[in-house]
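Trainee: Provided herewith is a single structure, encoded as structure tokens, for subsequent inquiry.
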Amino acid sequence: MEQIIFYTLAIVTVIATIFAITEKHPVHAIIYLVTSFFALAVIFFLLSAPMVAVFEVIIYAGAVMVLFMFVVMMLEMGRPEDAKRPSLRHCLPALLLSGIILVSLVLLLTTRSIQIPDGSHAVSVTDFALTLFSNYGVAIELISMQLLFAIVGVLYLGRRFTK
Amino acid sequence: MHLLIFASILFCLGLICVLIWRSNVIMMLIGIEIMLNSAMLVFVAGSNFWGKADGQIFALMIIALTSAEVSLALAMVVYLHRRDKTVNVDEFRELRD
Chain A
5 MEQIIFYTLA
15 IVTVIATIFA
25 ITEKHPVHAI
35 IYLVTSFFAL
45 AVIFFLLSAP
55 MVAVFEVIIY
65 AGAVMVLFMF
75 VVMMLEMGRP
85 EDAKRPSLRH
95 CLPALLLSGI
105 ILVSLVLLLT
115 TRSIQIPDGS
125 HAVSVTDFAL
135 TLFSNYGVAI
145 ELISMQLLFA
155 IVGVLYLGRR
165 FTK
Chain B
57 MHLLIFASIL
67 FCLGLICVLI
77 WRSNVIMMLI
87 GIEIMLNSAM
97 LVFVAGSNFW
107 GKADGQIFAL
117 MIIALTSAEV
127 SLALAMVVYL
137 HRRDKTVNVD
147 EFRELRD
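From first to last, the protein sequence lines stand for chains A and B. Under the working numbering, the first residue of the first sequence carries the number 5, and numbering increases by one thereafter. Under the working numbering, the first residue of the second sequence carries the number 57, and numbering increases by one thereafter.
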């Protein structure tokens with residue numbers, strides 16, 4: 005049952021991502037990307053990571069995508085009908101490079117045998133919180149400082165010019 | 057196993073998005089988001105595979121990093137658009153005001 009759900013969600017994610025990267029209107033692309041993120045959040049839930057799934061929905065699909073949407077609407081980037089896709093000649097090197105990387109990754113993954121570790125158990129939220137607050141205190145401090153620096157940088161970049 | 061192949065497919069889609077959308081900075085940022093998501097998927101899969109919570113904690117760090125990165129990058133996009141009236145990456149050639 006979980007296998008079927010996983011494959012369905014994986015297909016949904018990949019198709020939504022393909023639509024997102026081929027869509028020339030940024031708002032439609034963002035909507036497709038939110039679909040893809042919701043499917044990915046359910047995959048995280050299947051992988052026994054409920055916290056990451058919840059943060060994916062709240063922060064990614066909620067905050068970050070709304071930020072993108074605000075900026076797209078703020079910039080009024082011309083007429084969306086006039087925006088043109090990159091031509092196939094531009095796409096060709098990118099497709100070639102990505103194809104080579106994908107084929108080599110899949111070959112690497114399929115030819116190596118992975119030994120299943122014994123005694124692994126599902127990670128509960130309690131394990132997550134204990135590990136986070138006992139072993140990774142420095143990481144929390146780093147994240148908070150990084151967010152503070154981001155706030156200062158954004159305030160500096162977004163200031164009004166008075167000439 | 058299939059998870060890792062799925063994550064590689066997502067990563068390559070993000071890479072394609074970054075490489076082909078040079079005419080729009082916002083689509084490039086979306087490609088970076090897709091790539092970071094596939095990296096997060098690999099971390100969570102490893103955390104589930106070995107039964108340790110460290111991978112999920114790094115996924116959480118990636119989320120925090122992405123929110124900081126996106127806010128800075130979008131502020132820069134707004135600044136550049138206010139300066140040059142375009143979002144085409146090929147047009148941005150100089151650093152001075």
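Beta carbons are placed, not taken as given, at the ideal position from N, Cα and C, and that holds for glycine.
If contact means a Cβ-Cβ distance below 8 Å, which residues of the stretch 15-39 of chain A contact chain B?
Mentor: Within the stretch 15-39 of chain A, the qualifying residues are Thr17, Val18, Thr21, Ile22, Ala24, Ile25, Pro30, Ala33, Ile34 and Leu37.
Trainee: Would you decide whether Gly70 (chain B) is buried or exposed? Buried here means 16 or more other CB atoms lie within 10 Å of its CB.
Mentor: Taking the first residue of the second sequence as 1, we reach residue 70 (chain B) at position 14. Gly70 (chain B) should be labelled buried.
Trainee: Give the interface partners of Ile63 (chain A) over in chain B, defined as CB-CB distance under 7 Å, in chain order.
Mentor: As a working mapping, residue 63 (chain A) is identified with position 59 in the first sequence. Within 7 Å Cβ-Cβ: Ile119 and Ser123.
Trainee: Whether or not the stretch 73-86 of chain B and the stretch 155-166 of chain A are in contact is what I'm after, with contact meaning three or more pairs of Cβ atoms, one per stretch, closer than 8 Å; do they touch?
Mentor: no
Trainee: Given 8 Å as the limit, is there contact between the stretch 11-23 of chain A and the stretch 61-76 of chain B, that is, 3 or more CB pairs closer than that?
Mentor: yes
Trainee: If you count every other CB in all the chains shown that lies within 10 Å of the CB of Gly141 (chain A), and 16 or more means buried, which is it?
Mentor: Locating residue 141 (chain A) in the first sequence gives position 137, where the first residue counts as 1. Looking at its Cβ environment, which holds fewer than 16 other Cβ atoms inside 10 Å, Gly141 (chain A) is exposed.
Trainee: Run down chain A in chain order and give the residues with a C-beta less than 9 Å from the C-beta of Ile82 (chain B).
Mentor: Along the second sequence, read from residue 1 onward, the residue named residue 82 (chain B) stands at position 26. Neighbours of Ile82 (chain B) on chain A, chain order: Pro30, Ala33, Ile34, Phe72, Val75, Val76, Leu79 and Met81.
Trainee: Suppose contacts are defined by Cβ-Cβ distances below 9 Å. Is Val65 (chain A) in contact with Phe42 (chain A) by that definition?
Mentor: In the first sequence, the residue the question calls residue 65 (chain A) occupies position 61. In the first sequence, the residue the question calls residue 42 (chain A) occupies position 38. Strictly speaking, residue 65 (chain A) in this sequence is Ala, with Val absent from that position. Yes, Cβ-Cβ distance for Ala65 (chain A) and Phe42 (chain A) is below 9 Å.
Trainee: Against Ala95 (chain B), what residues of chain A qualify as contacts under a CB-to-CB distance less than 7 Å, listed in chain order?
Mentor: Here residue 95 (chain B) corresponds to residue number 39 of the second sequence, with the count starting at 1. Ordered by position in chain A, no residue passes the 7 Å Cβ test against Ala95 (chain B), which lies about 12 Å from the chain.
Trainee: Taking 9 Å as the CB-CB cut-off, is Thr115 (chain A) touching chain B?
Mentor: The residue labelled residue 115 (chain A) in the question sits at position 111 within the first sequence. So no, Thr115 (chain A) is outside the interface.
Trainee: So with Cβ pairs under 9 Å, would you call Val134 (chain B) a contact of chain A?
Mentor: As a position in the second sequence, residue 134 (chain B) is number 78, starting the count at 1. By this cut-off, Val134 (chain B) is an interface position.
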